[in-house]
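Novice: Quick one: the structure is below, questions incoming.
Residue numbers (this note's numbering): 2 to 349.
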């Protein structure tokens, strides 16, 4: 009876993309199991969830960082390369999902630290039986910086369906004007501070939702003051799924100038509503948005303003909402779940 183990310990960090991936995979896998297949979920201490889902539980303990020997499994899936634990003895076959190598572009890390992180990741890659990249961009980055057998690599795109709440109409903040929306952790790599400049020469509001990290939120506020639009920039902090649904459904446009993304779930969520989406042209975002998004190739205010104005003119003239929605439907959580299950079954 095959036992499939999943490292879902990153569920301890809500309100980010990795949490969403772990939650969606953990919730959906049981729907597709054969009668003889079982699940073992490695969860944060005290985590409770996955109602009506059949699975065994293994909870995180501090010593797992140094000695982690899970029960014997047919397959163990490490859902993120930056896992706090990694099986020290073989627990059946090992699947490793690599989301990105963003640490290589982190200016806060010196070359020695980057080299150490790269060596650690190489050790994990060497031990894994299957390597999963979440985008072609991530796969290309892996090949550039790591020694890897491409025959054991594959690409599985994240899902990005959004839970709908059609009767919900009570957002935590109700804008007074048409508004631009973005969501993500408030980190420098998300590049949100370039967005207030888009509010020049118009009367839109800008709403950014996401947990603040450090003092980066002050940078966003300072930019809003510099351009005289501070009264039209709202930083909401973490929001509920209902709030996110409302803002995505009702925004004038979705803006996401992130500099480092392994995939980029939020833009696809916005595309589910047929919204015009404005992205940076960095890392995986052109792959995700395709030719149905508009791209910032320069973050100078005048250049961004032109991209935005030209993009909205194109959107209003050609009305591509139906094509945008069709594009978004390619990225489904059920599809992602079935692709992972196919990988597991190929290993036992």
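Beta carbons: idealized from backbone N, C-alpha and C, even for Gly.
Please read these numbers as outputs of a predicted model, since none were measured by experiment.
Could you tell me the boundaries of the alpha helix (DSSP H) in which residue 22 lies?
Specialist: Position 21 of the chain shown holds residue 22. Counting along the chain, the alpha helix (DSSP H) containing residue 22 begins and ends at 18 to 29.
Novice: Using DSSP with H/G/I as helix, E/B as strand and the rest coil, what is residue 254?
Specialist: Within the chain shown, numbered from 1, the residue matching residue 254 stands at position 253. Looking at residue 254 - three-state DSSP - the assignment turns out to be strand.
Novice: Cβ of residue 126 within 8 Å of Cβ of residue 96?
Specialist: As a working note, residue 126 is residue 125 in the chain shown. As a working note, residue 96 is residue 95 in the chain shown. For residue 126 and residue 96, no; Cβs fall outside 8 Å.
Novice: May I ask you to report which of helix, strand or coil DSSP gives residue 273?
Specialist: As a position in the chain shown, residue 273 is number 272, starting the count at 1. Three-state result, residue 273: coil.
Novice: Return the chain-ordered list of same chain residues with a C-beta closer than 6 Å to the C-beta of residue 243, the five sequence neighbours on each side being excluded.
Specialist: Counted from its first residue, the chain shown places residue 243 at position 242. If we look at residue 243 and ignore the five residues flanking it on each side, its Cβ neighbours are 166 and 169.
Novice: What is the DSSP secondary structure of residue 49, reduced to helix, strand or coil?
Specialist: By 1-based counting over the chain shown, the position of residue 49 is 48. DSSP places residue 49 in coil when its eight states are reduced to three.
Novice: Are residue 26 and residue 12 closer than 8 Å when you measure CB to CB?
Specialist: Here the question's residue 26 lines up with position 25 in the chain shown. Here the question's residue 12 lines up with position 11 in the chain shown. It is not a contact, given that the beta carbons lie outside the stated cut-off.
Novice: Which residue or residues does DSSP assign as beta-bridge partners of residue 180?
Specialist: One-based indexing of the chain shown puts residue 180 at position 179. Its beta-bridge partners are 206.
Novice: Determine contact between the region 135 to 152 and the region 172 to 187, defined as no fewer than three beta-carbon pairs at a distance below 8 Å.
Specialist: no
Novice: Between which two residues does the beta strand (DSSP E) holding residue 281 run?
Specialist: As a position in the chain shown, residue 281 is number 280, starting the count at 1. 278 to 281 is the span of the beta strand (DSSP E), which, as asked, contains residue 281.
Novice: Once you ignore the five residues that flank residue 312 on each side, which residues in its own chain have a CB closer than 7 Å to its CB?
Specialist: Sequence index remark: in the chain shown, residue 312 carries index 311 (1-based). Taken in chain order, the residues that qualify are 277, 279 and 295.
Novice: Just list the residues that DSSP pairs residue 44 with in beta bridges.
Specialist: Residue mapping note: residue 44 aligns to position 43 of the chain shown, counting from 1. DSSP lists 60 as partners of residue 44.
Novice: Restricting to Cα atoms, I'd like to know which of 19, 65, 330 and 225 is closest to residue 302.
Specialist: For the purposes of this step, residue 302 is taken as residue 301 along the chain shown, with counting starting at 1. Comparing Cα positions, the closest option is 225.
Novice: Could you tell me if residue 183 is buried or exposed, where buried requires 16 or more neighbouring beta carbons within 10 angstroms of its beta carbon?
Specialist: What you label residue 183 is simply residue 182 of the chain shown in a count that begins at 1. So residue 183 counts as buried.
Novice: Helix, strand or coil for residue 81, going by three-state DSSP, please let me know.
Specialist: Looking up residue 81 in the chain shown gives position 80. Note: residue 81 maps to coil in three-state DSSP.
Novice: Got a sec? Which residues, its chain only, sit under 7 Å from residue 145 by beta carbon, not counting five neighbours each side?
Specialist: Position 144 of the chain shown, counting from 1, holds the residue named residue 145. Sequence-distant partners of residue 145 (beyond 5 residues in either direction) whose C-beta falls short of 7 Å from its own C-beta are missing from its chain.
Novice: Is the distance from the Cβ of residue 157 to the Cβ of residue 341 below 8 Å?
Specialist: As a working note, residue 157 is residue 156 in the chain shown. As a working note, residue 341 is residue 340 in the chain shown. Cβ atoms of residue 157 and residue 341: closer than 8 Å.
Novice: Give me the Cα-Cα distance between residue 35 and residue 73, rounded to the nearest whole angstrom.
Specialist: Mapped onto the chain shown, residue 35 falls at position 34. Mapped onto the chain shown, residue 73 falls at position 72. Roughly 19 Å separates the two Cα atoms.
Novice: Go through its chain and collect everything with a Cβ distance to residue 98's Cβ below 6 Å, but skip five positions before and after it.
Specialist: Within the chain shown, the letter at position 97 stands for residue 98. If we look at residue 98 and ignore the five residues flanking it on each side, its Cβ neighbours are 80 and 133.
Novice: Residue 324 and residue 293 look like a contact to me (Cβ under 8 Å); what is the Cβ gap, rounded to whole Å?
Specialist: Taking the first residue of the chain shown as 1, we reach residue 324 at position 323. Taking the first residue of the chain shown as 1, we reach residue 293 at position 292. So it is a contact: roughly 6 Å between Cβ atoms.
Novice: Measure the alpha-carbon distance for residue 214 versus residue 343 and round it to whole angstroms.
Specialist: Indexing the chain shown from 1 puts residue 214 at position 213. Indexing the chain shown from 1 puts residue 343 at position 342. If you take the alpha carbons of residue 214 and residue 343, they lie about 37 Å apart.
Novice: Classify residue 141 as helix, strand or coil using the three-state DSSP reduction.
Specialist: Mapped onto the chain shown, residue 141 falls at position 140. Of the three classes helix, strand and coil, the one that applies to residue 141 here is helix, per DSSP.
Novice: What three-state label does DSSP hand residue 225 in the structure shown?
Specialist: In the chain shown, residue 225 corresponds to position 224, counting from 1. Three-state DSSP puts residue 225 in a helix.
Novice: In this structure, how does DSSP classify residue 5 when only helix, strand and coil are distinguished?
Specialist: Position 4 of the chain shown, counted from the first residue, corresponds to residue 5. Note: residue 5 maps to strand in three-state DSSP.
Novice: Pop quiz: residue 44 and residue 21 are said to be a contact at Cβ under 8 Å. What is the actual Cβ separation, rounded to whole angstroms?
Specialist: Taking the first residue of the chain shown as position 1, residue 44 is located at position 43. Taking the first residue of the chain shown as position 1, residue 21 is located at position 20. Actually they are not in contact, since the Cβ atoms of residue 44 and residue 21 sit about 16 Å apart, beyond 8 Å.
Novice: Take every Cβ of the region 259 to 268, pair it with every Cβ of the region 231 to 242, and state whether three or more of those distances are shorter than 8 Å.
Specialist: Cβ pair count under 8 Å is below three, so no.
Novice: Which of the three DSSP states, helix, strand or coil, is assigned to residue 39?
Specialist: If you number the chain shown from 1, residue 39 lands on position 38. Residue 39: strand per DSSP, three-state reduction.
Novice: Can you list the beta strand (DSSP E) stretches of 3 or more residues lying completely in the region 100 to 144, in chain order?
Specialist: 131 to 134
Novice: What are the residues that DSSP puts in a beta bridge with residue 230?
Specialist: Translated into the one-based positions of the chain shown, residue 230 becomes position 229. Residue 230 pairs with nothing; no bridge assigned.
Novice: Look at the alpha carbon of residue 152 and the alpha carbon of residue 14, and state the distance between them as a whole number of angstroms.
Specialist: As a first step, residue 152 must be located in the chain shown, where it is residue number 151. As a first step, residue 14 must be located in the chain shown, where it is residue number 13. The alpha-carbon atoms of residue 152 and residue 14 are separated by roughly 33 Å.
Novice: The beta strand (DSSP E) spanning residue 156 covers which residue range?
Specialist: The sequence position of residue 156 within the chain shown is 155, counting from 1. Its beta strand (DSSP E) spans residues 154 to 156.
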